[in-house]
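Enquirer: In the numbering used here, the protein residues as written are 8 to 118. Got a structure for you, questions after.
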């Protein structure tokens with residue numbers, strides 16, 4: 008999910024934030040070994056520390072009087088709406104896409 012400079016910055020932050028996770032628990036641990044929900048929680052905390060505040064907002068969609076659906080939209084406070092044209096069927100999909108977009112922003116900014 009994170010690539011290039013963003014991944015490197017995140018790994019450095021995480022090793023400083025929770026050194027036991029890598030050294031005490033399992034020195035061979037890789038980010039891909041973490042449960043996706045735990046990894047997302049760490050990523051969100053890291054992004055918060057950089058000023059990227061991801062919000063996932065549910066809303067109700069009614070297609071011409073047919074069945075109402077709950078969809079999710081993502082956005083980042085203090086930055087542009089990162090995905091204004093898309094809605095997602097579940098919160099996890101919206102979060103994943105938001106993290107991917109912020110990853111792109113960070114990598115472009117750090118070049």
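In this text, a Cβ means the ideal position worked out from N, Cα and C, and glycines have one as well. Bear in mind the structure is a predicted one, so any value in this text is a computation, not a measurement.
Just confirm the distance between the C-beta atoms of residue 61 and residue 77, as a whole number of angstroms; I'd bet it's less than 8 angstroms.
Expert: Their Cβ separation, rounded to whole angstroms, is 19 angstroms, which puts residue 61 and residue 77 out of contact at 8 angstroms.
Enquirer: Helix, strand or coil for residue 2? Go by DSSP, reduced to three states.
Expert: Summary: the structure shown does not reach residue 2, with the chain confined to residues 8 through 118, and so no result is reported for it.
Enquirer: According to the Cβ coordinates, are residue 81 and residue 104 closer than 9 angstroms?
Expert: A contact, by the Cβ cut-off of 9 angstroms.
Enquirer: Could you give the DSSP three-state label for residue 10: helix, strand or coil?
Expert: Three-state result, residue 10: coil.
Enquirer: Where do the ends of the alpha helix (DSSP H) carrying residue 60 lie?
Expert: No alpha helix (DSSP H) holds residue 60; the beta strand (DSSP E) holding it covers 60-69.
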